[in-house]
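Peer 1:
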Amino acid sequence: MTPQKPSADGEQAADGRATDAGPAVDYETVSVPVLVVGAGAAGARVAIGLAENGVEPLVIGKRDHGDAHTTWAAGGINASLGSLDPKDDWTIHAADTLDEGHFINDPKAVELTTKHMPDRIRELDDWGMPFDRTEDGKINQRYFGAQSFRRTCFVGDRTGEAMLDTLVDRAQSLEIPYRDNVMITRLLSDGDHVYGAAGYDMESGEFILFESDHVVLAAGGSSALYNRHSSRDEENNGDGPALALDAGASLMDMEFVQFHPTGMVGDRYGEDWDGRLVTEAVRGEGGRLLNKDGERFMEEYSPDQMELDARDVVARAIAQELREGRGTENGGVYLDISHRDDDYIKSRLPRMYERFMDLGVDITEKPMEIAPTAHYSMGGVDIDFETGETGVGGLYAVGETVAGVHGANRLGGNSLAETVAIGALVGDHVAAQVTDDRDTALPAGQRAIAEREFRSLQELEATDGDETPEELLADLGDLLWDHAGILRNGESLSDGLAALDVLRERTGNIGIDGDRTSLSFELAVDLFFSLTVAEALLLSARKRDESRGAHYRTDAADVDPDWRRNILVDRGDTGLELTTRGVAEPSEAVSEAVDVGYELDYHHLE
16 MTPQKPSADG EQAADGRATD AGPAVDYETV SVPVLVVGAG AAGARVAIGL
66 AENGVEPLVI GKRDHGDAHT TWAAGGINAS LGSLDPKDDW TIHAADTLDE
116 GHFINDPKAV ELTTKHMPDR IRELDDWGMP FDRTEDGKIN QRYFGAQSFR
166 RTCFVGDRTG EAMLDTLVDR AQSLEIPYRD NVMITRLLSD GDHVYGAAGY
216 DMESGEFILF ESDHVVLAAG GSSALYNRHS SRDEENNGDG PALALDAGAS
266 LMDMEFVQFH PTGMVGDRYG EDWDGRLVTE AVRGEGGRLL NKDGERFMEE
316 YSPDQMELDA RDVVARAIAQ ELREGRGTEN GGVYLDISHR DDDYIKSRLP
366 RMYERFMDLG VDITEKPMEI APTAHYSMGG VDIDFETGET GVGGLYAVGE
416 TVAGVHGANR LGGNSLAETV AIGALVGDHV AAQVTDDRDT ALPAGQRAIA
466 EREFRSLQEL EATDGDETPE ELLADLGDLL WDHAGILRNG ESLSDGLAAL
516 DVLRERTGNI GIDGDRTSLS FELAVDLFFS LTVAEALLLS ARKRDESRGA
566 HYRTDAADVD PDWRRNILVD RGDTGLELTT RGVAEPSEAV SEAVDVGYEL
616 DYHHLE
């Protein structure tokens, strides 16, 4: 929820919010040593680490158990196993990640991820993840965009689903407690330390106060703020970063949003499919991009790496084809895999084959119609990657909620890698911080803040204005696509901030269709998170007056060496405040791999 103004006669807590305004409110109280907010791969791996160290966490998710956004990650997970390319190692994986991130990644985050991933893959294999295998029994690996070697492990084109199933099975074997269909609306924090969280049961509407000295945010990213995106509409709305910011943590790299080149085109396949991802595995297995005239246009934009160049490069190439009138009548281009053997397509891309067959398109014979879609948030909470610490005592973050591993553009296959590599480290660290003699009593001021939050949710539920949450979120999505999309400029970003102010004013006339168990109410809560993150995104994009990775400014089209800096966002006394910070240098071993300049030979696929 948005920060509340204290009442005129109310006693104020340390953060300025009233502590005694309004009548009593009923709620359940749950006390746990560690609260993990988010039940996807990152949250599950943190919880497993805690349980293996003898700490029993409580994991909460907004959906049914096992139904997290991780299942939508299809193409694969990176690790330098060398199954097919023995020359590959973690330093080259790190070099590729830094290069793709245009060298504003956190080098420590990159090195921890790439160094630990071979062990994490073997661990998943031991836990039963059914990886595709080579003929001699090794874990198979495929090409993915902008990678020097075949290092993307996979389970057909349902890798995320298989991985989450494996992690959930492991968590259940450890008897880790879980509550589904619970939404956190505020962290209980005085800016220096976190004491728990306030939220509600999305099925019963009951308010819940969670008492905990340790809270791990693993709530996903914010790509669904855009009107064309690859997430479900009610997920990746920015709740993780917004909760952390309100609690006193810093955000970083919010201007960097990855537009995946290949999302489905709604005008062709129906509104429900607009922006849904066509996995990069299609291009990894040799898929070709064609404009309306049948021209393989990546020959013009990237003759060496072709369709397997970095995602930002391919997305901009498609945007340029569309801008210059070479797109289809539905506003897309074609992705064609039909030149590959039918059985190969069905075995390596079973989900894509089945999905398009259901829509009347046989991809073994005809091309798919695609266009770029908002897919991933490189920006998020600023953390220490060895510990997950946010700078607010007891508050940790992991997964797409955080920034640092991916820099200005994410290497495909690295998102799943980050969840388990860093999730394991964070789980081990948090477990070491939990003591048997912890004080479970919630400070009176924090309890009052929770009760005030519950009353605010009651007030939101009772609103009956003319503006619906669905309409406001749709307008926000249009605003960001128009003003902070693939191609940006300073004037448009300023216009976007002005339009955001107008949109925020419209929330004063919001109306909820249903009670606290309704989708309308859920989307209203999402809206206030989304507005906060949208402002951070627009401000950061306007401040970075250069082009780097996924952030492309038509009025500053070159990379500026002086902008090898991260932009940090904090809550100030009068609004969001931006500062910058220089980037550390990678280790000597990784620097040597960068200097060698390993590069994919795309034409192995021809």
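In case it helps, the working numbering puts the sequence shown at residues 16 to 621. Using N, Cα and C, we set each Cβ at its ideal position, and we do this for glycine too.
Rounded to whole angstroms, what is the Cα-Cα separation between residue 230 and residue 489?
Peer 2: Roughly 31 Å between the two C-alpha positions.
Peer 1: Quick one, which of 526, 262, 571 and 594 has its alpha-carbon nearest residue 504's?
Peer 2: Of the candidates 526, 262, 571 and 594, the one whose C-alpha sits nearest the C-alpha of residue 504 is 571.
Peer 1: Go through the segment 533–617 residue by residue and report every complete run of the alpha helix (DSSP H) that reaches 4 residues or more, in order.
Peer 2: DSSP runs (the alpha helix (DSSP H)) wholly in the segment 533–617: 534–558 and 603–611.
Peer 1: When the Cα atoms are used, what is the spatial distance from residue 366 to residue 245?
Peer 2: So the two alpha carbons sit approximately 16 Å from each other.
Peer 1: With 16 as the cutoff for other CB atoms within 10 Å, does residue 228 come out buried or exposed?
Peer 2: Buried, by the Cβ-count rule.
Peer 1: Contact defined as beta carbons within less than 8 Å: I believe residue 50 pairs with residue 73. What is the distance between those atoms, to the nearest angstrom?
Peer 2: That belief holds up - the Cβ atoms of residue 50 and residue 73 are roughly 6 Å apart, short of 8 Å.
Peer 1: May I have the straight-line CA-CA distance separating residue 410 from residue 309, to the nearest angstrom?
Peer 2: So the two alpha carbons sit approximately 52 Å from each other.
Peer 1: Could you say if the segment 478–492 and the segment 538–547 meet the contact criterion of at least three C-beta pairs nearer than 8 Å?
Peer 2: Judged by Cβ distances under 8 Å, the segment 478–492 makes contact with the segment 538–547, as three or more pairs qualify.
Peer 1: Just how far apart, CA to CA, sit residue 604 and residue 337?
Peer 2: Going from the Cα of residue 604 to the Cα of residue 337 covers about 42 Å.
Peer 1: Report all residues from its chain with a CB closer than 7 Å to the CB of residue 596; omit the five preceding and five following residues, and keep chain order.
Peer 2: Correct list, in chain order: 580, 581 and 583.
Peer 1: So, at 8 Å on beta carbons, what are the nonlocal neighbours of residue 550 in its own chain, with the 5 sequence-adjacent residues on each side left out?
Peer 2: 512, 515 and 591.
Peer 1: Who are the Cβ neighbours of residue 165 in its own chain at under 7 Å, not counting the five residues just before and after it?
Peer 2: The answer, listed in chain order, is 99, 100, 156, 157 and 158.
Peer 1: When burial is assigned at 16 or more other CB atoms within 10 Å of the CB, is residue 441 buried or exposed?
Peer 2: Under this definition residue 441 is a buried residue.
Peer 1: Residues in the same chain with beta-carbon distance under 6 Å from residue 608, minus the five sequence neighbours each way, listed in chain order, please.
Peer 2: 106, 107 and 110.
Peer 1: Does DSSP put residue 281 in a helix, a strand or coil?
Peer 2: Residue 281: helix per DSSP, three-state reduction.
Peer 1: Which first and last residues belong to the beta strand (DSSP E) in which residue 390 is found?
Peer 2: It spans 383–392 - the beta strand (DSSP E) in which residue 390 sits, taken as one unbroken run.
Peer 1: Going along the chain, which residues of its own chain have a beta-carbon closer than 7 Å to the beta-carbon of residue 140, five neighbours each way excluded?
Peer 2: For residue 140, where only same-chain residues beyond five positions count, the Cβ hits under 7 Å are 146 and 154.
Peer 1: For residue 321, which three-state DSSP category applies?
Peer 2: Residue 321 falls in the helix class under three-state DSSP.
Peer 1: Use the C-beta contact count for residue 269: other C-beta atoms within 10 angstroms, 16 or more gives buried, fewer gives exposed.
Peer 2: Buried is the call here.
Peer 1: Within 10 angstroms of its Cβ, does residue 354 collect 16 or more other Cβ (buried), or is it exposed?
Peer 2: Classification of residue 354: exposed, given that the 10 Å Cβ count is below 16.
Peer 1: From this set, 197, 391, 56 and 112, which residue's C-alpha is nearest residue 613's C-alpha?
Peer 2: Minimum Cα distance to residue 613 is reached at 112.
Peer 1: Go ahead and label residue 187 buried or exposed: buried means 16 or more other beta carbons lie within 10 angstroms of its beta carbon, across all protein chains shown.
Peer 2: Exposed.
Peer 1: Quick one: any contact between the segment 396–411 and the segment 257–266, if contact means 3 or more CB pairs under 8 Å?
Peer 2: With a cut-off of 8 Å, the segment 257–266 and the segment 396–411 count as touching, because enough Cβ pairs lie within range.
Peer 1: Tell me whether residue 611 is buried or exposed, calling it buried when 16 or more other Cβ atoms sit within 10 Å of its Cβ.
Peer 2: Counting Cβ neighbours within 10 Å, residue 611 comes out exposed, since fewer than 16 surround it.
Peer 1: Using 8 Å for Cβ pairs, my map puts residue 330 next to residue 179. What's the rounded Cβ distance?
Peer 2: In fact, because the Cβ distance is near 27 Å, the residues do not count as touching under 8 Å.
Peer 1: Taking all protein chains shown into account, do 16 or more other C-beta atoms lie within 10 angstroms of the C-beta of residue 95, making it buried, or fewer, making it exposed?
Peer 2: Residue 95 should be labelled buried.
Peer 1: Could you tell me the distance, in whole angstroms, from the CA atom of residue 306 to the CA atom of residue 346?
Peer 2: C-alpha separation (whole angstroms): 11 Å.
Peer 1: Let me know if residue 387 comes out buried or exposed under the rule of 16 or more other beta-carbons within 10 Å of its beta-carbon.
Peer 2: Buried, because 16 or more other Cβ atoms sit within 10 Å of the Cβ of residue 387.
Peer 1: Helix, strand or coil for residue 299? Go by DSSP, reduced to three states.
Peer 2: It is helical.
Peer 1: If you count every other CB in all the chains shown that lies within 10 Å of the CB of residue 433, and 16 or more means buried, which is it?
Peer 2: Residue 433 should be labelled buried.
Peer 1: Which first and last residues belong to the alpha helix (DSSP H) in which residue 437 is found?
Peer 2: Element bounds for residue 437: 429–448.
Peer 1: Under the three-state reduction of DSSP, which class applies to residue 521: helix, strand or coil?
Peer 2: Three-state DSSP puts residue 521 in a helix.
Peer 1: Whose C-alpha, out of 281, 296 and 295, is nearest the C-alpha of residue 289?
Peer 2: The shortest Cα separation from residue 289 among 281, 296 and 295 belongs to 281.
Peer 1: Would you check if the distance between the CB atom of residue 351 and the CB atom of residue 318 is smaller than 9 Å?
Peer 2: In this structure, residue 318 does not lie closer than 9 Å to residue 351 by Cβ.
Peer 1: With a CB to CB cut of under 7 Å and the five nearest residues on each side skipped, what residues in its chain are close to residue 28?
Peer 2: Any answer about residue 28 is weak, because its pLDDT of 36 lies below 50 and its placement is not dependable; what the coordinates show is given next. Once the five neighbours on either side are set aside, the close Cβ partners of residue 28 are 34, 460, 463 and 464.
Peer 1: Less than 9 Å between the beta carbons of residue 431 and residue 76, yes or no?
Peer 2: No, these two residues do not count as a Cβ contact at 9 Å.
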